[in-house]
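One structure is given here, and the rest of the page talks about it.
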Amino acid sequence: MTRLPVVVLISGTGSNLAALLDASRAEDCTYEVVAVIADREAAGLEHAHAAGIPTEVVRLSSYEDRDAWDRALTAAVLAHRPELVVLAGFMKLVGPELLDAVGGRIINTHPALLPSFPGAHGVRDALAHGVRISGCSVIEVDAGVDTGRILAQAAVEVLEEDTEATLHERIKAVEQPLLVDVVRRLTAGR
């Protein structure tokens, strides 16, 4: 079976990346993570290093403006010829250069049931609003902030004692297998 190449972009601990790497060890896996790119020295890069996967850091602060950074990020991604790009806790908006080059083949996770609570603080915003059900979404990335086509969602009950940290951890436990399932589906269908 030919596995399709996937590039993963991260900014943090890489828990979603770890889930993708674990799932890729299965014999019937439809994808292969061929590179991991971060926008900072992220702890999650260690998952890639341990698996022998090439990594690169493309810092926004290393470029004169966001357009130059977007061009550099696009070049770093395209160097690996991915069929799919996965934003797995990548905390920067990608720009038109990457969207033009790989549009329709970039997905992202979000810790809320979109279209509710888009943006960087989905868990905090859901708690502040008093919802009883939250969850996670996997979307196709477009030029907006969490406005892309919804590919999959999973619900998580909000408990009375939940804090932002406890709810986010329970959402991550559901988000990781959901992301793996979407990546498998998308790479099986190509």
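The opening position of the sequence shown corresponds to residue 1 in this note's numbering, with each subsequent residue numbered one higher.
The beta-carbon is built from N, C-alpha and C at its ideal position, and this holds for glycine as well.
Just so you know, these numbers come straight off a predicted model, no measurement behind them.
Counting beta carbon pairs with one atom in the segment 129-144 and one in the segment 102-112, are three or more of them shorter than 8 Å?
The answer is yes - the segment 129-144 touches the segment 102-112, with three or more Cβ pairs under 8 Å.
Considering only their Cβ atoms, is the gap separating L98 from L73 smaller than 8 Å?
Closer than 8 Å, so yes.
To the nearest angstrom, report how far apart A76 and H168 are at their CA atoms.
Distance between the alpha carbons of A76 and H168 is about 30 Å.
Quick check on G89: buried or exposed, where buried means 16 or more other Cβ atoms within 10 Å of its Cβ?
Looking at its Cβ environment, which holds 16 or more other Cβ atoms inside 10 Å, G89 is buried.
Within the continuous alpha helix (DSSP H) that includes L114, where are the two ends?
No alpha helix (DSSP H) contains L114, which DSSP labels as neither H nor E.
Looking only at C-alpha atoms, which of V86, H80, R71 sits nearest to D100?
Here the closest residue by C-alpha is R71.
Identify, in the order they occur along the chain, each residue of the same chain with its Cβ nearer than 7 Å to the Cβ of A42, setting aside the five sequence neighbours on each side.
Excluding positions up to five away in sequence, the list reads I10, S11, G12, G14.
For the segment 11-93, which segments carrying the beta strand (DSSP E) assignment without a break, of at least 3 residues, lie completely within its bounds, in sequence order?
Within the segment 11-93, the complete beta strand (DSSP E) runs of at least 3 residues are 31-38, 55-57, 84-87.
Let me know the secondary structure DSSP gives L98 once reduced to three states.
Reduced to three states, the DSSP call for L98 is helix.
Look up G122 in the DSSP assignment and say whether it is helix, strand or coil.
G122 falls in the helix class under three-state DSSP.
Given K92, which residues of its chain have a CB within under 8 Å of its CB, disregarding the five upstream and five downstream residues?
Result list for K92: S11, D39, L60, in chain order.
Let's see if you can read the secondary structure: which residues bound the alpha helix (DSSP H) around D157?
Before going further, note that residue 157 is Glu rather than Asp in the sequence given. Where E157 is concerned, there is no enclosing alpha helix (DSSP H), although the beta strand (DSSP E) it sits in stretches over 150-157.
Let me make sure I understand the geometry here. Which of A126, G95, L159 has the alpha-carbon closest to that of R66?
When each option's Cα is compared against that of R66, the closest is G95.
Grab the span of the beta strand (DSSP E) containing E212 for me, first residue to last.
Because the chain in this structure spans residues 1 to 190, residue 212 falls outside the shown range and cannot be described.
So, with DSSP's three-state summary, where would you put V8?
It is a strand residue.
Buried or exposed for H49, going by 16 or more other Cβ atoms inside 10 Å?
Classification for H49: exposed.
To the nearest whole angstrom, what separates the beta carbons of V86 and I37, a pair I think is in contact under 8 Å?
Going by Cβ atoms, the distance from V86 to I37 rounds to 11 Å, so no, they are not a contact pair.
Here's a check: name, in chain order, each residue in its chain whose Cβ is nearer than 6 Å to the Cβ of A35, leaving out the five neighbours to either side.
The residues are V7, P54, H80.
Count the other CB atoms, across all protein chains shown, that sit within 10 Å of the CB of P111; report buried if there are 16 or more and exposed otherwise.
By the 10 Å Cβ count, P111 comes out buried.
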